[in-house]
Ligand SMILES: C[S@@+](CC[C@H](N)C(=O)[O-])C[C@H]1O[C@@H](n2cnc3c(N)ncnc32)[C@H](O)[C@@H]1O
């Protein structure tokens, strides 16, 4: 937990934060409405004797009373997909519409890409891209199991992604669920901080800046880009969005979130960020008994 000490000045109730980081997480799943309604899924869980609790902010997110959520009948049939509760936030903030063109530029293993497809009633195009070929097979497997037929998979570096392969020249919406130092996954993965270093934060921040810039360039004017990470480091969060504000045509916009959260920070380590970054959400483990996440919503401007 030592690396997390650097966030003492920005996290309210820091002791509660540290205590929450040490507690294991529950077993969350998302109902895959491409295959079954929430009602049908709850019936199926009741039939197989698996208890559940629905998340207050999103009835499609369930905490299951079983240690093996992947071995239930509902999971086997693709009615549910194991996905951390906070991990379901970015697609909801992206708010895609059926029929749109959406780019999930860092998509493997596909939890959010298949959630985006479900939010679009599996109508439209979700281009699910990842640069890691090994992780692409998991993405394809999940898309097939969950019946997400609107998904098209590509394997490329998002930083210089070419749209030449498509018959359109911009996406309506883009999700950047960026590679990161994963500090916020400590409850799910107790080893998450074992290889932590400031050097790693700074190198991954460079990659994140390249990806967010290409995401904005590939999204139409008036379109939406959501930037998310499962980490707390402002270098990988507000500083990346600040870089995008300085280099690309975009602005930070507000969004409603039914989950308790803290605003984005506007000062860190001697750097000052645009005040609009307060509209970003920092979701800490002690606030809703979840993992940690950062989410910012951008509108592409002229
Ligand atoms: C946080 S994970 C994405 C999780 C995924 N969105 C989900 O919900 O299942 C970040 C992903 O970014 C991919 N990645 C890293 N660098 C990339 C790059 N330059 N271009 C595209 N993908 C990249 C990694 O392979 C990894 O799968």
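Numbering (this note's numbering), first residue to last: 4 to 305.
Quick reminder that beta carbons are idealized off the backbone N, C-alpha and C, glycines included.
Here the structure is a predicted model, which means the values were calculated and not measured.
Asked                                                                                                                                                                                     : Found
Taking 8 Å as the cut-off, is the C-beta of residue 233 nearer than that to any heavy atom in ligand 1?                                                                                   : yes
Where residue 49 and residue 182 are concerned, what is the direct C-alpha to C-alpha distance, given to the nearest angstrom?                                                            : 37 Å
Look up residue 154 in the DSSP assignment and give the residues it is bridged to.                                                                                                        : 129
Got a sec? Which residues, its chain only, sit under 7 Å from residue 184 by beta carbon, not counting five neighbours each side?                                                         : 199, 203, 204, 207, 234, 236, 239
At what residue ranges does the region 24 to 104 contain a whole run of the beta strand (DSSP E), taking only runs of 3 or more?                                                          : 30 to 34, 55 to 58, 61 to 67, 83 to 85
Bridge partners of residue 230, per DSSP?                                                                                                                                                 : 179, 299
Kindly provide the ranges of any alpha helix (DSSP H) runs that are 4 or more residues long and lie completely inside the region 224 to 269, ordered along the chain.                     : 241 to 250
So, at 7 Å on beta carbons, what are the nonlocal neighbours of residue 150 in its own chain, with the 5 sequence-adjacent residues on each side left out?                                : 37, 38, 81
From the DSSP output, which residues share a beta bridge with residue 107?                                                                                                                : 131, 178
Using a threshold of 8 Å, is the CB atom of residue 132 nearer than that to any non-hydrogen atom of ligand 1?                                                                            : yes
How many Å lie between residue 56 and residue 170 at the Cα?                                                                                                                              : 44 Å
Between residue 114 and ligand 1, is the CB less than 8 Å from at least one heavy atom?                                                                                                   : yes
Tell me which residue opens and which closes the alpha helix (DSSP H) that residue 217 is part of.                                                                                        : 201 to 220
Can you tell me the Cβ-Cβ gap for residue 286 and residue 89, rounded? I've got them flagged as a contact below 8 Å.                                                                      : 5 Å
Does the distance between the C-beta of residue 127 and the nearest non-hydrogen atom of ligand 1 fall short of 8 Å?                                                                      : no
Might you give, ordered along the chain, the residues of its own chain that have their beta carbon closer than 8 Å to the beta carbon of residue 132, omitting 5 neighbours on each side? : 106, 107, 108, 109, 110, 156, 157, 158, 159, 161, 164
Near residue 148, which residues of its chain fall below 6 Å by C-beta distance, leaving aside the five closest residues on each side in sequence?                                        : 81
State the CB to CB distance for the pair residue 298 and residue 256, rounded to an integer number of angstroms; the pair is presumed to be in contact (CB under 8 Å).                    : That pair is no contact at about 12 Å.
Strictly under 9 Å for the Cβ-Cβ distance: is residue 258 near chain B by that measure?                                                                                                   : Structure shown: chain B not included; a single protein chain is present.
Pick from 6, 294, 66, 59: whose alpha carbon is nearest that of residue 192?                                                                                                              : 294
Would you check whether ligand 2 has a heavy atom nearer than 8 Å to the C-beta of residue 171?                                                                                           : Annotation note on ligand 2: not contained in the displayed structure, which lists ligand 1 as its ligands.
Would you mind reading off the limits of the alpha helix (DSSP H) that contains residue 119?                                                                                              : 114 to 122
Could you spell out where the alpha helix (DSSP H) holding residue 139 opens and where it closes?                                                                                         : 136 to 148
Please classify residue 296: is it buried, with 16 or more other beta-carbons within 10 angstroms of its beta-carbon, or exposed?                                                         : buried
Which residue's Cα is closest to the Cα of residue 212: 223, 231, 197?                                                                                                                    : 231
When the Cα atoms are used, what is the spatial distance from residue 356 to residue 31?                                                                                                  : Lying outside 4 to 305, the shown extent of the chain, residue 356 is not represented and no answer is given.
What are the start and end residues of the beta strand (DSSP E) that includes residue 285?                                                                                                : 284 to 286
Name the one or two DSSP bridge partners that residue 275 has.                                                                                                                            : 270
Have a look at 83, 267, 216, 122 and flag the residue whose alpha-carbon is nearest the alpha-carbon of residue 98.                                                                       : 122
Classify residue 266 as buried or exposed, calling it buried when 16 or more other Cβ atoms lie within 10 Å of its own Cβ.                                                                : exposed
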